[in-house]
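Letter 50 of the sequence shown, counting from 1, is numbered 1539 in this note's numbering, and no numbers are missing. We treat Cβ as the ideally placed atom computed from N, Cα and C, and that holds for glycine. Below is one structure, written out as structure tokens; comments come after it.
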Amino acid sequence: KDKERRCLEYALYQRELEEVGEALDEIEEERRAEVHGANLRREKYNEREQEISDLEKSISEAKHSQQTLKITRNDTQSELTDFVRTRTELECTIADLRAANESAGGQREGAEAELA
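As structure tokens, this is what we get:
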């Protein structure tokens, strides 16, 4: 009888040991899956952080380029205004010289007529 009882106890303990071993295996598998998931999320996070960094750099470069273009545009506009002013002054000078030439030409003809 004692041998039978020990046999049953051993079978019971063996079954419990197997169940506990299976439970530990399941827990270990879940832990591995969680670690793998955490690694994937970390990689995704790092990729997104890099994307954010790249986009911020692109934005900064675009702002710098925009500022440079704005300054260039203002300088070019100022230069154009100066050219238009100079052109207008030259046109006025040419008109004045033509008018003076016509006036002098008329006086010259009058003086030549008087001399003749």
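For residue i, three-class secondary structure by DSSP
i, result
"K1490", "coil"
7 Å Cβ shell around residue i - same chain, five flanking residues per side excluded
i, result
"Q1522", "It is worth fixing the name first, because residue 1522 is Ala in this sequence and not Gln. For A1522, where only same-chain residues beyond five positions count, there are no Cβ hits under 7 Å."
Contact set for residue i: own chain, Cβ-Cβ below 8 Å, skip 5 residues either direction
i, result
"C1496", "none"
May I have a chain-ordered list of the alpha helix (DSSP H) segments no shorter than 4 residues that lie completely inside the region 1518 to 1568? Runs found: none.
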